[in-house]
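Heads up: the sequence shown begins at 286 in my numbering, then just goes up one per residue.
Cβ coordinates follow ideal geometry from the N, Cα and C atoms, glycine included.
Predicted model, so just to flag it, every value in this text is computed and none were measured.
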Amino acid sequence: MQLTSFDDINRKHRHIFLSPHLDDVVYSCGGTLGVQVSCGLQPLVITVFAGIPSPALTLSPFATQIERGMQWKPAPGVTSLVEARRKEDATALDLLQADYLWLDYLDAIYRGNPAYYTRNEQLIGGNVHLQDMWIEKELAENLLALQRRLPDAVWYAPLAIGRHVDHQIVCSAADQLAQRGAKVNFYEDFPYVLREGSRETRLKELGGQLEPGLVEMSEMLPLRIEASERYASQISINFDSKEAMHEAMKKYTHGIRPVETVYLEEYWTNR
């Protein structure tokens, strides 16, 4: 079910997942969502960078290139790529029976005039632009206010493997929750974690103070894959094909601890 504001979040939402974009939590934590729902819980996914750009926004060449890579074309009633991605997200999360809230911060490729991020090396692996620092501050303030209202909530946030700037912002905001004593599980950003050495590099960057925990979700792997398929605009740009995505998810979740027929999702928490 879609929520419309932070005010709609209540005590039934004991597990709150922070998703930078409209796909990240399903890609990375879809099995965990399935396990929680099967146990009678009501997880909530808050997508941070789900804002719809103004029709007056002139896209940078880099943003145009990325949108073309997603093979999106305007359709009746859907005038922006973000609107199309919201529809995909709603379909995926309705399938998983998770509640969801979309925040109105713009994706990095739409921020700045002139654009703050104009090439891939800045977007993924670069540093957050100084003019974006207010987002982390405001987001952290809102999350901390929610945590004070729901002190027993368990949080899930991106580890920011791959260092996408939007993932870095959400990770840093969630770290402020952890510093205030909240239970925060940092998830491994899929598919960025598939890059050789990316997880180890990020853990080292964060100071090596995190310890792993596992969620066994073998029975939910087909559901995670099915929900991930709903993000049709993302398949080609991230995986080339549905079949390649299926194989990558199976191989990665099995490889966390290679025991026959066991598939896992891994989280990291402060020691």
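- Collapsing the DSSP output to three states places Gln287 in a strand.
- The three-state reading of DSSP puts Asn555 in strand, counting E and B together.
- Distances from the alpha-carbon of Gln382 to those of Lys535, Pro436, Gln287 and Glu514 put Gln287 closest.
- Taking a contact as a CB-CB distance under 8 Å, the pair Arg484 and Glu496 does not count as one, their CB atoms being some 14 Å apart.
- Taking 9 Å as the cut-off, the Cβ atoms of Ala425 and Ala458 count as close.
- Approximately 7 Å separates the beta-carbon atoms of Val547 and Glu501; this is inside 8 Å, confirming the contact.
- For Ala529, the enclosing alpha helix (DSSP H) has its first and last residue at Lys527 to Gly540.
- Taken through DSSP and simplified to helix, strand or coil, Phe334 comes out as strand.
- For Ser518, same chain residues with a beta-carbon under 8 Å away, outside a window of 5 residues either side, are Met355, Gln356, Trp357, Leu366, Ala369, Arg370 and Glu373 in chain order.
- Within the segment 292-353, the complete alpha helix (DSSP H) runs of at least 4 residues fall at 309-323.
- Segment contact: the segment 432-449 against the segment 293-312, three or more CB-CB distances shorter than 8 Å; contact assigned.
- In the structure shown, Tyr548 falls within a coil segment according to DSSP collapsed to helix, strand and coil.
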